[in-house]
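**Q** Heads up: the sequence shown begins at -7 in this note's numbering, then just goes up one per residue. C-beta atoms are modelled at their ideal positions from N, C-alpha and C, and glycine is treated no differently.
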Amino acid sequence: MRQIGRKLLAGMVCLAIMLSCFPGVNYVWAKETSTIIQGEGFEAKICVDSTWDNYCNISVIITNTGSEILENWMFRCEQPGEIVNIWNAQVVKHEEEQYLIKNVGWNQDIIIGNSIEFGYTLYTDELVLPTFTLGSSRLVSVEKGNYEVVFQVQS
């Protein structure tokens, strides 16, 4: 009986030693893994595609639900963590948790009823889906005298 107890204890110690040799893996867990945001003239579907260690891939599909083309779209988001890779878009400004994400030229306009998709890899301790607003730039005609153009050379 004593030998069985010793063998069982030795087996448990061996198992504990073997398990301690594997590096710990930190998984990023989110309460939500997708959301749909409705805005004026657009819908955005945000989805967590995969997670590993402290990283995750997030995809964003923006659909034009309005009556006009979304021209030269930009995406302003509050995203805790650090965007370490992005595709089909570009980060044009980043301050703390605020990101300004813009089209990459070939996908700058979203025709009525059509969608574009971009994604990014996020490094974070705690996954929180981003909050965002979508904007687009337009060419606007301004009457003569309602603007000023200044040319200044600095050396």
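Taking buried to mean at least 16 other C-beta atoms within 10 Å of its own C-beta, is Thr43 buried or exposed?
**A** On the sequence shown, position 51 is the one that residue 43 refers to. When all chains shown are included, Thr43 counts as buried.
**Q** Would you report the Cα separation of Glu89 and Glu135, rounded to the nearest angstrom?
**A** For this step, residue 89 is matched to residue 97 along the sequence shown. For this step, residue 135 is matched to residue 143 along the sequence shown. Each residue's alpha carbon lies about 38 Å from the other.
**Q** For Ile(-4), which three-state DSSP category applies?
**A** Numbered from its first residue, the sequence shown carries residue -4 at position 4. Helix, per DSSP.
**Q** What does a CB cutoff of less than 6 Å around Ile29 pick up in its chain, not counting 5 residues either side in sequence?
**A** Along the sequence shown, read from residue 1 onward, the residue named residue 29 stands at position 37. Result list for Ile29: Ala36, in chain order.
**Q** How is the beta strand (DSSP E) around Lys37 delimited, first residue to last?
**A** As a first step, residue 37 must be located in the sequence shown, where it is residue number 45. Unbroken beta strand (DSSP E) run through Lys37: Phe34 to Trp44.
**Q** Among all the DSSP beta bridges, which residues are the ones paired with Tyr139?
**A** Here residue 139 is taken as the residue at index 147 of the sequence shown, counted from 1. DSSP, once it has assigned bridges, lists no residue as partnering Tyr139.
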